[in-house]
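Chemist: Sharing a structure, written as structure tokens. Questions coming.
Printed below as a string of structure tokens:
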């Protein structure tokens, strides 16, 4: 600590007493003492004069009382709490030190630390945003470069668009929702660390980049992570998590700092490739510091001409809070120029001009601005690059656009054809929101016209956190080659007055939100969400949410369209793929798209074939490994095996034909009688079926049981008991199932039936009929059937079926039943012979794992799953682990299995966020070398790392890195419950069924 002698009051008192003795000796002694002190005490550096940031920037230092700081924060919040379109702007800057305050942020309020590291400024209390009726319009506020030790352990940041958290260290948990869990429409976090759990329960979408979190809970439509330690594993769409191990390219936003002598600088972080984690938690952020003396500090009264003169003279630009009326664009022509705003400085063009134009040069940083369209139409509000695209490359030092927000209307009637134009190559767009106002002043179809939010012509441009909403044509047009987008959120315009007023061509309904130009040959995007709310009472539709050229090198991942409310809807997700959404809250997902949806083949996957029997092309397009047609007349089609069925009792000649087919390798299995419990199907009693069974056995084929229509009728139970009593052979169980797929519990209904059958008979299962048939004429349905709901079940169901080890095969009903009304939601091919949205979903569905969100169900005890209990482990903060009935369906039975170091994984509980499956050092009571299992806070130690070994029959064994033991379900009762059993780590050499686990997704 530097001590200033002028403030050393005890030493002044000593000097006064000794000088008062009247003796020269005493005075000389004091002088010698002071001289000695001056020679050993560090001398405080001369304090630089505080910069003139204007009246809307307040700088706090630790010498100020917390009460005085709190009063200023509270006064600003009182003004800004509901001041959505007001003109006041505030920036509160904290010098390094510790503060005990509660910063509740309203509109246009920024809070930032001035240290070199976020941990240089500690806020004991909160830096928070609360909901009003909800958080859907909590826009335009920010916090950065500080640490928060939240009162009560949890900080709340309930925001929607344009409200970033950057370089923030939360020493606790972070809630991204309101106190009453109302909806929010955020949001963005970068270069931040949250020690505890992040709860995003009601966040419709969120993008988190290059950060560290304890855990993440919650997803509504589109949660995206890139380069985030502690992020949930990839699992879209169940749940809707998109996770990239690294961010393709990134650069952190410039930020203001002050050193011990009071000298201010702007730190400019370096660009990173394949980045992950924060830039600061393991050392100093790489980059360059630029003294503030090299900046022109602009005030709202400055004209564009004044500011341009400073830029032309080679100075960087710091814009202080307020509204700038600009009669000409600010022109940035020098490479490496920094344009940084504090407290949402707002640039307004007054003559139809752009507000900012950046030349086609290296390394310009534009950050922290709000751009408001003026009354006269602007062609572009901001242009990056020359007036047209060039071939100049900026790979080693790209220009970046960060926290720049555009607004057409809301504060005033405004108009602009396009908001952001990017003509330079290699630009990094890092968190922008382009918004044509749907409410506020001048919000209306003719009063705030704006065609497009963002147009990208440059090559190799990367967008990280791209938000664009309500423009009247395409929200984003991407013409550049090799572009990348990680996270996209968009709402289509609310207010087209009619379909006729919103047509992209003579026959094209509406405009795709995200459009990749037809000449683009390479593009990739992850985590795209497009929503509709047409509120004019007219049946307005968009043909598609996203439009791209059909090329294999133009690839999209994890896309969702949502019908929020209103009328009309979105008819497809990407191009002509994906179901329509036209009912409130309805969603449609496409997991992957590149020249159409991919086909993922599987030996398990089959088709109940009505018209495509023997059609190799159609079966191949579905990825089908096998098919059947309810008869014995068929043959292998391409790579799809044909499996015959004995509809009912077989004549001897058919039996002989099947036997010959078995010998010749034409068939490997035979399906038993079809729905014998129904009069219009096989219509057989159990006794009749048993009497006819020996003929089927004589074929020598693997034999599947009869498949009753009603699993719970008892018919199959009676048959299996009769077959056992007579000594008949049944090699696998065949089941038919038509769940109520409009019910959120449909997936669990399917899993429960399959688990029940496996537990009864311990034989492989073939699910030979399952589909999204409209059962309402013979079985009530929970909700109204729609194509989007059908697709949603397929996308969640197929991963479940693929991952259940005891489910040997499944077949969808049916390949082509488009002309049957009850089958319209289940048919894989339409009347035109093309794949329906259901067919595309069936073809593309992929098995998860080994990373993902799962319940871990034991092979030896198939009704039990690993559970983080509510009981304390040995009286500490860790919890006991046990195996409990899977049917409970609790989140404490769900686990995020996430890749960690090398070949190892962490296993983190969903219901108890941040707690990981852990091998303890405590011996398990029975057996030497066995250890107890607990669920403990994440430490990164080897006792929380597991190697996953897949068995030949499709189960997983979890081997502890620390102990070399395998996770095992014991037969020892847990906590006195007859339903639950103890978990242990036992010798991996046992290799028993108790150590084998089915990873059940969802």
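Numbering (our numbering), first residue to last: 14 to 1015. Cβ coordinates follow ideal geometry from the N, Cα and C atoms, glycine included.
(1) Use the C-beta contact count for residue 775: other C-beta atoms within 10 angstroms, 16 or more gives buried, fewer gives exposed.
(2) Give the range of the beta strand (DSSP E) segment to which residue 791 is assigned.
(3) Enumerate, from N- to C-terminal direction, the unbroken beta strand (DSSP E) stretches of 3 or more residues contained entirely within the stretch 361–437.
(4) Less than 7 angstroms between the CB of residue 81 and some heavy atom of the ligand ADP, yes or no?
(5) If you count every other CB in all the chains shown that lies within 10 Å of the CB of residue 764, and 16 or more means buried, which is it?
(6) Can you tell me which of the three DSSP states residue 156 falls into?
(7) Could you have a look at residue 331 and say whether DSSP puts it in helix, strand or coil?
(8) Consult DSSP for residue 759 and reduce its assignment to one of helix, strand or coil.
(9) Indicate whether residue 89 and residue 135 have their beta-carbon atoms separated by less than 8 angstroms.
(10) To test your reading of the DSSP string, which unbroken beta strand (DSSP E) runs of 3 or more residues are found completely within the stretch 466–524?
(11) For the beta strand (DSSP E) that contains residue 93, what are its first and last residues?
(12) Rounded to whole angstroms, what's the CA-CA distance from residue 754 to residue 1013? Just pull it up for me.
(13) In the structure shown, what three-state DSSP assignment does residue 644 receive?
(14) Considering only the alpha carbon of each residue, which of 196, 468, 839 and 451 lies closest to residue 598?
(15) On the criterion of 16 or more Cβ atoms from any shown chain inside 10 Å, does residue 687 qualify as buried, or is it exposed?
(16) For residue 507, which residues of its own chain have a beta-carbon under 6 angstroms away from its beta-carbon, when the five flanking residues on both sides are left out?
(17) Are there three or more Cβ pairs, one per stretch, closer than 8 angstroms when the stretch 272–279 is compared with the stretch 568–579?
(18) Taking the alpha-carbon positions, what's the residue 897 to residue 1008 distance?
(19) With a 10 Å radius around its C-beta and 16 neighbouring C-beta atoms as the bar for buried, classify residue 408 as buried or exposed.
(20) Does DSSP put residue 670 in a helix, in a strand, or in coil?
(21) Going by CA-CA distance only, name the one from 588, 556, 681 and 583 that's closest to residue 568.
(22) Given a cut-off of 8 angstroms on the beta-carbon distance, is the pair residue 857 and residue 562 in contact?
(23) In terms of alpha-carbon separation, which member of 970, 991, 927 and 965 lies closest to residue 952?
(24) What are the residues that DSSP puts in a beta bridge with residue 311?
(25) Where does the unbroken alpha helix (DSSP H) through residue 12 begin, and where does it stop?
(26) Do the stretch 462–473 and the stretch 232–240 touch if we need at least three Cβ pairs shorter than 8 angstroms?
(27) Any idea what DSSP makes of residue 746, helix, strand or coil?
(28) Would you report the Cα separation of residue 859 and residue 633, rounded to the nearest angstrom?
(29) Considering only DSSP beta bridges, list what residue 107 is partnered with.
(30) Counting Cβ pairs closer than 8 angstroms, one from the stretch 330–350 and one from the stretch 250–264, do we hit at least three?
(31) Kindly indicate which residue of 877, 643, 957 and 103 has the alpha-carbon position closest to the one of residue 912.
(32) Can you find the residues in the same chain that come closer than 8 angstroms, C-beta to C-beta, to residue 884, ignoring five residues on each side of it along the sequence?
(33) Tell me whether residue 578 sits in a helix, a strand or coil according to DSSP, three-state version.
(34) State the DSSP-derived secondary structure class of residue 623, mapped to helix, strand or coil.
(35) Tell me which residues share the same chain as residue 115 and place their Cβ nearer than 8 angstroms to its Cβ, disregarding the 5 neighbours each side in the sequence.
(36) Give a yes or no on contact between the stretch 516–528 and the stretch 487–496, applying the rule of three or more CB pairs nearer than 8 angstroms.
Modeler: Working from what's here:
(1) Residue 775 is exposed by the Cβ-count criterion.
(2) Segment: none, residue 791 is in no beta strand (DSSP E) and carries neither H nor E.
(3) For the stretch 361–437, whole beta strand (DSSP E) runs of length 3 or above, ordered along the chain, are 369–371, 378–385, 391–397, 413–421 and 429–435.
(4) With respect to small molecules bound, the structure shown includes none, and the ligand ADP cannot be examined in it.
(5) Around the beta-carbon of residue 764, 16 or more other beta-carbon atoms lie within 10 Å, marking it buried.
(6) DSSP places residue 156 in the strand class (E or B) of the three-state scheme.
(7) Strand.
(8) Here residue 759 sits in helix by DSSP.
(9) Between residue 89 and residue 135, the C-beta gap is not smaller than 8 angstroms, which leaves the two residues out of contact.
(10) The qualifying runs are 475–482, 489–491 and 496–504.
(11) Boundaries around residue 93 are those of the alpha helix (DSSP H), 79–93, since no beta strand (DSSP E) includes it.
(12) If I take the Cα positions, the gap works out to 18 angstroms.
(13) Note: residue 644 maps to coil in three-state DSSP.
(14) From the listed residues 196, 468, 839 and 451, the smallest Cα separation to residue 598 is found for 196.
(15) Around the C-beta of residue 687, 16 or more other C-beta atoms lie within 10 Å, and the residue is accordingly described as buried.
(16) Contacts found: 451, 546 and 548.
(17) They do not touch, by the three-pair rule.
(18) Between the C-alpha atoms of residue 897 and residue 1008 there is a straight-line separation of about 15 angstroms.
(19) Around the beta-carbon of residue 408, fewer than 16 other beta-carbon atoms lie within 10 Å, marking it exposed.
(20) Three-state DSSP puts residue 670 in a helix.
(21) That would be 588, whose Cα lies nearest to the Cα of residue 568.
(22) Taking a C-beta distance under 8 angstroms as the contact criterion, residue 857 and residue 562 do not qualify as a contact pair.
(23) When only C-alpha atoms are compared, the closest one is 927.
(24) Per DSSP, 332.
(25) Examination of residue 12 is not possible in this model, given that the chain is present from 14 through 1015 alone.
(26) At 8 angstroms Cβ cutoff, the stretches do not touch.
(27) In this structure, residue 746 counts as strand in the three-state DSSP scheme.
(28) The alpha-carbon atoms of residue 859 and residue 633 are separated by roughly 15 angstroms.
(29) According to DSSP, which records beta bridges pairwise, residue 107 is partnered with 73 and 126.
(30) Short answer: they don't touch.
(31) Ranking the options by Cα distance to residue 912, first place goes to 957.
(32) Result list for residue 884: 892, 893 and 988, in chain order.
(33) DSSP, reduced to helix, strand and coil, places residue 578 within a strand of the structure shown.
(34) DSSP, reduced to helix, strand and coil, places residue 623 outside both helices and strands of the structure shown, so it counts as coil.
(35) For residue 115, the CB contacts under 8 angstroms within the same chain, skipping 5 residues up- and downstream, are 83, 86, 138, 139, 141 and 164 in chain order.
(36) Touching, per the Cβ criterion.
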